[in-house]
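Participant:
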Ligand code: S3P
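Residue numbers (the numbering used here): 76 to 243.
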């Protein structure tokens, strides 16, 4: 089984992904980690500042293409993958891949990311909110399952995902 978590920065993709990978006994793959490894940089800010966002997006496409081959995994994505439909196409192209959107209010995200400094697109709140509004409908369009995450624990959310998988 392949499950891909999508959603804005700070929607909990990594925490939920880890929890699901343990509960479902599936390998855990973080696209951001893979992108970072391939970039040869030390962190995501460095990729954006030195190579530019476009290079970052190119690397995301390359990684998504590679992940096509994988049949069993929990995959977490960067919040920007919905801006390149080719990434979604790659992720969906080889067998069944269930896309789960972790739907989170902007206020919740702001609280969660208060002390985070490795998100180049979350430094200016006004711009971040614009990006958020542009992407919200896209996450929804690409998702097989939508889960609201505000005021819920990681445990609750991952149990809800598993329950919804059973209903598909
Ligand atoms: C981005 C989200 C980040 C990371 C990069 C760009 C985005 O991942 O891929 O900073 O465009 O929303 P997270 O969603 O895991 O924070």
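From the three backbone atoms N, C-alpha and C, an ideal C-beta is built for every residue, glycine too. All of these numbers come straight from a predicted model, not from anything done at the bench.
(1) Using 7 Å as the cut-off, classify the Cβ of residue 170 as near or not near the heavy atoms of ligand 1, replying yes or no.
(2) Which residues share a DSSP beta bridge with residue 151?
(3) Name all residues in chain order for which at least one heavy atom of ligand 1 lies closer than 6 Å to the residue's CB.
(4) Under 8 Å, do residue 179 and residue 105 count as touching if we go by C-beta distance?
(5) Do residue 154 and residue 241 have their C-beta atoms within less than 8 Å of each other?
(6) Within the continuous beta strand (DSSP E) that includes residue 176, where are the two ends?
(7) Let me know the secondary structure DSSP gives residue 222 once reduced to three states.
(8) According to DSSP, is residue 227 helix, strand or coil?
(9) Does the stretch 227 to 238 come close enough to the stretch 190 to 201 that 3 or more CB-CB pairs lie under 8 Å?
(10) Please state if the CB of residue 157 and the CB of residue 194 are separated by a distance shorter than 8 Å.
(11) Would the beta-carbon of residue 159 fall within 8 Å of that of residue 136?
(12) Kindly give me the distance between the Cβ atoms of residue 101 and residue 149, rounded to whole angstroms, as I take these residues to be in contact under 8 Å.
(13) Within this structure, are the beta carbons of residue 236 and residue 95 separated by less than 8 Å?
(14) Compare the beta carbon distance of residue 113 and residue 138 with 8 Å and say whether it is the shorter of the two.
(15) From what residue to what residue does the alpha helix (DSSP H) around residue 212 run?
(16) Quick one: Cα of residue 78 to Cα of residue 200, how far?
(17) Exposed or buried, which one is residue 142 when buried takes at least 16 other CB atoms within 10 Å?
Facilitator: According to the structure shown:
(1) Locating residue 170 in the chain shown gives position 95, counting from the first residue. With a cutoff of 7 Å, residue 170 does not count as near ligand 1, since its C-beta is closer than that to no heavy atom of the ligand.
(2) The count along the chain shown starts at 1 and reaches residue 151 at position 76. 80, 105.
(3) After applying the 6 Å Cβ criterion, the set is 84, 88, 107, 119, 153, 154, 155, 194, 195, 196.
(4) Numbered from its first residue, the chain shown carries residue 179 at position 104. Numbered from its first residue, the chain shown carries residue 105 at position 30. Contact: no.
(5) The residue you call residue 154 lines up with position 79 of the chain shown. The residue you call residue 241 lines up with position 166 of the chain shown. Inclusion of residue 154 and residue 241 in the CB contact set at 8 Å is not warranted, their separation being larger than that value.
(6) Here residue 176 refers to the residue found at position 101 of the chain shown. Element bounds for residue 176: 172 to 178.
(7) By one-based count along the chain shown, residue 222 stands at place 147. DSSP places residue 222 in strand when its eight states are reduced to three.
(8) As a position in the chain shown, residue 227 is number 152, starting the count at 1. Under the three-state reduction of DSSP output, residue 227 falls in the coil class, being neither helix nor strand.
(9) Verdict: no, contact absent.
(10) The residue given as residue 194 occupies position 119 in the chain shown. The residue given as residue 157 occupies position 82 in the chain shown. Going by C-beta atoms, residue 194 is not nearer than 8 Å to residue 157.
(11) Working through the chain shown from its first residue, we reach residue 159 at position 84. Working through the chain shown from its first residue, we reach residue 136 at position 61. Yes, they are a contact pair.
(12) Here residue 101 corresponds to residue number 26 of the chain shown, with the count starting at 1. Here residue 149 corresponds to residue number 74 of the chain shown, with the count starting at 1. Going by Cβ atoms, the distance from residue 101 to residue 149 rounds to 5 Å, so yes, they are a contact pair.
(13) Locating residue 236 in the chain shown gives position 161, where the first residue counts as 1. Locating residue 95 in the chain shown gives position 20, where the first residue counts as 1. Inclusion of residue 236 and residue 95 in the CB contact set at 8 Å is warranted, their separation being smaller than that value.
(14) Within the chain shown, the letter at position 38 stands for residue 113. Within the chain shown, the letter at position 63 stands for residue 138. Yes, the pair counts as a contact, with Cβ atoms nearer than the cut-off.
(15) As a working note, residue 212 is residue 137 in the chain shown. Here the alpha helix (DSSP H) through residue 212 covers 200 to 217.
(16) By 1-based counting over the chain shown, the position of residue 78 is 3. By 1-based counting over the chain shown, the position of residue 200 is 125. So the two alpha carbons sit approximately 30 Å from each other.
(17) Here residue 142 refers to the residue found at position 67 when the chain shown is read from its first residue. Buried is the call here.
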